[in-house]
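Order-wise, the sequence lines are chains A, L and U.
Start counting at 1 in the first sequence, then tack on 58, and there's your number in the numbering used here.
Start counting at 1 in the second sequence, then tack on 3, and there's your number in the numbering used here.
Start counting at 1 in the third sequence, then tack on 422, and there's your number in the numbering used here.
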Amino acid sequence: MTTTTAEIGGHAWEHAPIGGNYLNEGKGIKSWLFTLDHKRIGLMYLISGLTMFFIGGMLAMVIRTQLLVPNGLIFHGSYEAYKHYNQVFTLHGIIMVFMVLVPIPPGALGNFVLPLMIGAKDVAFPRLNLLSYYLYVTGAIMAVVSTLLGAVDTGWTFYTPFSIQTETYVVWMVLGIFLLGFSSILTGLNFIVTIHKLRAPGMKWFRMPVFVWASYATSIIQVAATPVLGVTLLLLVAERVMGVGIFNSALGGDPVLFQDFFWFYSHPAVYIMILPAMGIVGEIITVFSRKPIFGYKFIVMSSLAIALIGFVVWGHHLFVNGQSAEWDAIFSFMTFFVAVPSAVKVFNWLATMYKGAISLTTPMLYALSFIVLFTIGGFTGVILGALATNVVLHDTYFVVAHFHYVMMGGTIIAFIGGLHYWWPKMFGRMYNETLGRITCVMLFIGINLTFFPQFIVGAEGMPRRYATYLPQYQPYMIASTVGAYIQLAAFVLMAGYLIHSLVRGKKAAANPWGASTLDWSMASPPTTGNFQHMPVITQGPYHYEDMEYDGRLGGFVHVEPVPALAGVGSEH
Amino acid sequence: MSFNLLHGESNLIQMMSLKLPGVLAAWGLPHSDAVTSPDVQFLWDFILGVAVFFTVLIVVLMVYFSIRYHAKTKNQVGDHGHTHNTPLELTWSIIPLILLMIMFVLGFKYYLNIDTVPSGAYKIDVQAKQWSWTFVYPNGGISDKLYLPAGRPVRLDMTSSDVLHGFWIPRLSIQKDVVPGRVMSVWIEAKKPARMWLQCAEYCGSGHSEMRAPVIVEPYAQFRKSVHAIADIWKQNGKPLSLVEVGRKLHVTLGCIACHNMTGAPGGVGPSWKNLAGSQVHDINGRIVVADYAYLKNAIIHPGHLKVKGYPRGIMPNTFAAQLKKISPNGRALDALIAYINSKSKYANQQSQPPELRKSATPVQPPVKLKSPPAKVSGLPTAALPLVAKGKLLVQTFGCTGCHSPAGAPGVGPTWKDLAGSPVTLTSGKVVTADYSYLREMILHSGKLLVKGATPGVMPGTYGAMLSGPKHPDEKKLKAIIWYLNSLSDHANKASWPPGGGGN
Amino acid sequence: MSENAIATLTLASPEEVAGRHLAHHFDTPQQQFDSGKLGMWLFLGTEFLLFSGLFCAYAVYRMLHPQIFIYASRYLDPVSGALCTLVLVTSGFTMAWAIRCAQLGKRTGLIIALLLTIAGGFGFLVIHGYEYFEEYQQHLMWGTHYHPAVNAPRQQVVVAKSGAVGGSWSQLDQLGKQGYLVAHSNIAPAAIGPAGPALAQQPTASFTAASVTAAAAQPHNVQIFFGIYFLMTGLHSIHVIVGIILLTYLLVRAIRKDFGPGYYAPVDFIGLYWGVVDMIWMFLFPLLYLIH
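Have a look at this one:
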């Protein structure tokens, strides 16, 4: 086997074949389409997900442009025009939730990183992994088909009885989302088995990086909540195709039951979206503070607590629809309860920075942006979780702003941070750090300018999902639209320097950031089998004292025999 | 936020300069005008205070740490000694928990006040539909504006006739979904006179964003005047209404709509008004009369005198005459109602319109034929057709349709649709054909031939004496009924027809 | 973690067999088998959760409208349901026998057991299909398709005498107290349900004797029960069909001599699936057929 020793890598046991890596081992389109390699599948998820994010983002720009003037700039003057606006925001919501936020952090980053982090050669069921990707693609295509046939105008929540009555192609869309849900279940199932059964020798549960824990918690929700979405969507199809009547008040059914079913999935789904983001932020903060993460066990346990408590808070979406006051109280109580582990995480990240050696790289800036935006999003969630304030703010732009702070400012920002963090590992290239930081600042400003005015306008009295609005809200709407265009500019810039880095970027070292988790222990990019020799783990995931920066390589190398990572192959 | 501003052209710059300082001064909920608002405002301020405190703390610490502990060299590492501190971590778990529990308790306590409707509140009905709000006041007044008395609790009972809607008045701190099939109740007590908007908060389709209604809070005396003015059926927004429009308001106010639909759908408590005026109807004695002006007038003020066949006597209250007289002693309200009934009929003509409208009414048309001909007549001998019509009248007189649906709907007894000539399974398991003799036997002696699934003794045994026997040797009525049954069935054939082919 | 696993694989022949089926990313056949089993259990968990949504709908409606379920369940034939149960239980036993045969390498026994299990699956479908057909003939269907030809229920129903009532809800309640079966709908009554106009919808309207009679004969919204019935049993039948396809796949592989003591994971996993399909029916049968 042609190998080079420690020259380009950090760890003593690492041996990478010259030139060979998962990107160029196996050529041709078929080697990608039928690949079973988790890294390639992760990359395909990434590309598909970014495509969907682009489409969803463009729809968001249409929404923001429409709302520049009270009567609507693009769609105005008739119910038919408003219907088109409704179709646009519905598609925006469906794409962002079901095709970006839920599947992409686990599908792209989780797939790529998780087996590397626990020292596995692949996920437990590679074929299932590929199937899950193709289910995702099929679901996305069905959504596009339904849009071409007659775009759905129900809102991403598909509330009955409107979703039963509308003449748009709900069935296609719903079946597409059913497939996306199936894909999500298979991914979660795969990750759980991988984490249980494929950890490297010595990788005890509490030696796993926090991202793995976050993915584990995410997978539990995916497996346990998504089937309920599946049956809800099937019932909606049965409602439209057969006229079963379970959710149709005209046939003796109860439309509110649909909401219970829907949110039983869709609230935990919010945690599917945010937990991987929290895991990513944890990884980034410890690496760039060069200090072990503070209160590892609290962080781990808070992930699991969020996953479990997250199952019993769905009723807080139903405070104004006639749910009894007792149930309102229970769900409100649990909602407050689930805020505690989130708060714990934020404090622990701050404590990790305390007495650290902080470098404000692009990923770190994204992690810090995440903390600020997530804190704002979290606290406004508390306002919405309190019953008395909820009845004033329910279904307003305040809610829109709240979940965009959490989803855009939380999940997307963390995902982009993670993308920048693992970019060198994925593609073996470094991007332009200055442009990276500028883009992060632009995004941070853009997000705040877009969504902060929406808090105010919501509290002032603007309901969500409005194609037109009262003129007094216009100043806020203009600010919001300007913010959206700033975000668009930031994303264009980001696409520019990231694509540039693939062609012209500096070659990345095995461990450019000085991370101590296993995913940085092999060459960048990794080979198809990940590890030349099975690593043996003897200590926790975070320790930065035994590595040194090598300017020649542009990365960190271990400076002494590594007690932590004495591998079976170390005698090599 | 003045009311006029909502209507007028908005000057953006002026508004920005007016609004922004206000927002900076008190970034909070809009001035809340309900008695429950101070609670909500307090909770909002409390949570917001905590939120701002912690957000600032977090950001300051973050920035401070980033500067204070900035790495000077790439090889500098953080303090590896501090990996956890359980008491500290418990502290920052428990303090948020306590604060959150306080917020929860306050939120729930205030919410109970918002949610519990006080007894003795003034009651207004709210009807939501795609995409408008209608408010019905206790005096029967109907408006698309919501008038509220300042300083008095008002209970709103809300219904939706199509999809979910959301009743939301931000400035009165109240929101509730309107769920179809349920009555949703909220209560409001506005503190002082003001004008504001009610907006639909739950997405309801294309017109969602335009589904709003003005809310006008007035001093109680003024409010009473306003509601009185709404109940003035002759005017809308101070402008006189046409007679038809007045009638439209009246039919809702008086509650006619509860029993008489405008769609022509069967199954109403009273006859539908669709295509009623000017058409031929059967009176209680089976005679055919034309529903002209005099008939309609009589039917409204003397219910029971002239009734339509198939609709039992004594159901329609006889109070409308007095009510209409109270509204207008000269009978113009009655004319308005009749004008409205005419506006729903394609058979409306000079004779059916009230005198006031006759000049402008449609040209005289000859009275049309029977409104609804029997459903299935093809295949039956033409001579039998009058008997079919007679049979239909008879079954309505006898009340057969109470148990046997002519349209295939489930009922106590088997439906008549497609019965004649079709196979029937008896309790004994035997399958027989519903021919003439079977049908005759069933009507006269229902206990003899039991259909599978039917309960013995439910069908009265009195029909035999009414249709056959010594008093009715020719069984004319019975045959007419069976002709009618044949007209309802696709399987009708010579064997199921009464003998004689309708010739007698 | 793998020492024990390796120790158990010292038998020469099964080890070779197991080695042939070992995927590149697993270290030992035992690890591979354990992963597969955990994955299968998780998948079956999601199957349960899929049905749990329908069970919840069932529970909610039964709690709110018990009279619908009591009334409508009489239309279902418990004998046919019991027969289905018997057939499925038997096929569960033959499946267990198939797994045992696979573990012991008894190919003929495995093939016979699989054939019997498949036969059980088909038997279930035939019996249940016939039941569906009967219900279809009698228009005992969901939603607007519910208009049974044989309408009067099998139990004695008291009918309000013509003219006895002309009033509103309170009079209906009185009727209920006198022993009449009066329809109540606490939540979301139908505007115009197939069983007639829901009375709660128009509390101010007067009722004709005829409409009261109709209300007394059967509860409103009986179609809800049949909606839930068809959804639950339909989803279950789809699972049975999928099971039959999987069993046929096993049968083909068994004939090709793929299974033996060293490799029988697919038989084991599909056996688990079949067990869960059986178990779900064990819940469905009493919930739908035996309501009293």
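Glycine is no exception: its CB is placed at the ideal position from the N, C-alpha and C atoms.
TODO: Mark PRO533/A as exposed unless 16 or more other C-beta atoms lie within 10 angstroms of its C-beta, in which case mark it buried.
DONE: Buried is the call here.
Open item on the list: I'd like to know if ALA687/U contacts chain A, where contact means its C-beta is closer than 8 angstroms to some C-beta of that chain.
Closed with: No - not a single Cβ of chain A is within 8 angstroms of the one on ALA687/U.
Task: Integer-rounded CB distance, given that VAL203/A should sit under 8 angstroms from LEU294/A - done: Wrong, their Cβ atoms sit about 18 angstroms apart, outside the cutoff.
Task: Residue from VAL120/L, VAL181/L, PRO90/L whose Cα sits closest to the Cα of GLN130/L - done: Nearest option by C-alpha distance: VAL181/L.
- [ ] Within the region 67-130 of chain A, note down every full alpha helix (DSSP H) run reaching 4 residues or more, in order along the chain.
- [x] Listed in chain order, the complete alpha helix (DSSP H) runs (minimum 4 residues) inside the region 67-130 of chain A are 87-91, 96-124.
Open item on the list: Helix, strand or coil, according to DSSP, for ASP128/L in the structure here?
Closed with: It is a strand residue.
Open item on the list: Looking at the secondary structure, which residues open and close the beta strand (DSSP E) in which GLY169/L lies?
Closed with: Element bounds for GLY169/L: 168-172.
TODO: Helix, strand or coil for ALA224/L, going by three-state DSSP, please let me know.
DONE: It is helical.
Task: Three CB pairs or more closer than 8 angstroms across the region 308-316 of chain A and the region 334-351 of chain A - done: Between the region 308-316 of chain A and the region 334-351 of chain A there are fewer than three inter-stretch CB-CB distances shorter than 8 angstroms, so the stretches are not counted as touching.
TODO: Work out the CA separation of PRO399/A and LYS112/L for me, nearest whole Å.
DONE: When rounded, the separation of the alpha-carbon atoms in LYS112/L and PRO399/A is 25 angstroms.
Task: the region 65-82 of chain L: positions lying closer than 7 angstroms to chain A by Cβ - done: Taking 7 angstroms as the Cβ-Cβ cut-off against chain A, the residues of the region 65-82 of chain L that qualify are MET65, PHE68, SER69, TYR72, HIS73, ALA74, LYS77, ASN78, GLN79, VAL80, GLY81, ASP82.
- [ ] Give the secondary structure of PHE614/A by DSSP, where H, G and I count as helix, E and B as strand, and everything else as coil.
- [x] In the structure shown, PHE614/A falls within a strand segment according to DSSP collapsed to helix, strand and coil.
Open item on the list: Using 8 angstroms as the threshold, is the C-beta distance between THR454/A and MET535/A below it?
Closed with: Not closer than 8 angstroms, so no.
TODO: Closer than 8 angstroms, Cβ to Cβ, to anything on chain L: give me those residues from the region 414-429 of chain A, in chain order.
DONE: Answer in chain order: GLY414, ALA415, ILE416, SER417, LEU418, LEU426, ILE429.
Open item on the list: Just to confirm, is the Cβ distance from LYS179/L to MET161/L under 8 angstroms?
Closed with: Yes; because the gap between Cβ atoms is below 8 angstroms, this pair is in contact.
Task: Interface positions of the region 136-163 of chain L facing chain A (Cβ-Cβ less than 7 angstroms), listed along the chain - done: Within the region 136-163 of chain L, no residue qualifies.
- [ ] Run down chain L in chain order and give the residues with a C-beta less than 8 angstroms from the C-beta of ARG523/A.
- [x] Those within 8 angstroms of ARG523/A in chain L are TYR206, HIS211, SER212.
Task: Contacts of GLY475/A in chain L (Cβ-Cβ under 8 angstroms) - done: By Cβ distance, chain L contributes nothing, its closest Cβ being about 15 angstroms from GLY475/A, past 8 angstroms.
Task: Distance between VAL548/U and GLY159/A (C-alpha atoms, nearest Å) - done: Note on identity: in this sequence residue 159/A is Leu, with Gly being the wrong assignment. C-alpha separation (whole angstroms): 44 angstroms.
Task: Environment of SER209/L [buried if 16+ CB atoms lie within 10 Å] - done: Buried is the call here.
TODO: Grab the span of the alpha helix (DSSP H) containing LEU175/L for me, first residue to last.
DONE: Where LEU175/L is concerned, there is no enclosing alpha helix (DSSP H), given that its DSSP letter is neither H nor E.
Task: Secondary structure, beta strand (DSSP E): runs of 3+ residues fully inside the region 481-506 of chain U - done: Taking only runs of at least 3 residues, no beta strand (DSSP E) segment lies wholly in the region 481-506 of chain U.
Open item on the list: Looking at chain L, is there any beta carbon in it that lies within less than 8 angstroms of the beta carbon of PHE391/A?
Closed with: Closer than 8 angstroms: yes.
Open item on the list: Using only the alpha-carbon positions, how far apart do GLY165/A and ALA182/A sit?
Closed with: If you take the alpha carbons of GLY165/A and ALA182/A, they lie about 15 angstroms apart.
Open item on the list: Tell me the residue span of the alpha helix (DSSP H) that contains LEU383/L.
Closed with: The continuous stretches of alpha helix (DSSP H) do not include LEU383/L, and DSSP gives it neither H nor E.
Task: When ALA74/L, LEU397/L, GLY416/L, ASP477/L are compared against ARG290/L, the one with the closest alpha-carbon - done: The shortest Cα separation from ARG290/L among ALA74/L, LEU397/L, GLY416/L, ASP477/L belongs to LEU397/L.
Task: Boundaries of the beta strand (DSSP E) in which PRO426/L is found, first to last residue - done: That run of the beta strand (DSSP E) goes 426-428.
TODO: Using a threshold of 8 angstroms, state whether the C-beta atoms of LEU360/L and ALA342/L are closer than that.
DONE: Taking 8 angstroms as the Cβ cut-off, LEU360/L and ALA342/L qualify as a contacting pair.
Open item on the list: Under 8 angstroms: do the region 139-153 of chain L and the region 215-224 of chain L share three or more Cβ pairs, one atom per stretch?
Closed with: Enough Cβ pairs lie closer than 8 angstroms, so yes.
TODO: Check each candidate in THR465/L, VAL391/L, SER449/L and name the one with the smallest Cα separation from PRO501/L.
DONE: Checked all of THR465/L, VAL391/L, SER449/L; the closest Cα to PRO501/L is VAL391/L.
- [ ] Please confirm if ILE441/A has its CB atom under 8 angstroms from at least one CB of chain L.
- [x] Interface residue, yes.
Task: Contacting positions in the region 299-322 of chain A - beta carbon closer than 8 angstroms to chain L - done: Taking 8 angstroms as the Cβ-Cβ cut-off against chain L, the residues of the region 299-322 of chain A that qualify are SER307, ALA308, ASP312, PRO313, VAL314.
- [ ] List the residues of chain U that HIS254/A touches, going by C-beta distances under 7 angstroms, in chain order.
- [x] Under the 7 angstroms cutoff, chain U gives LEU460.
Task: Short CB-CB distance (under 8 angstroms) between LEU373/L and chain A - done: Low confidence applies to LEU373/L: its pLDDT is 45, below 50, so where it sits in the model is not reliable, and the reading given next is rough at best. By this cut-off, LEU373/L is not an interface position.
Open item on the list: Any beta carbon of chain U sitting closer than 8 angstroms to that of ASP604/A?
Closed with: By this cut-off, ASP604/A is not an interface position.
Open item on the list: For HIS460/A, report the span of its alpha helix (DSSP H) as first-last.
Closed with: Run containing HIS460/A: 455-464, per the alpha helix (DSSP H) assignment.
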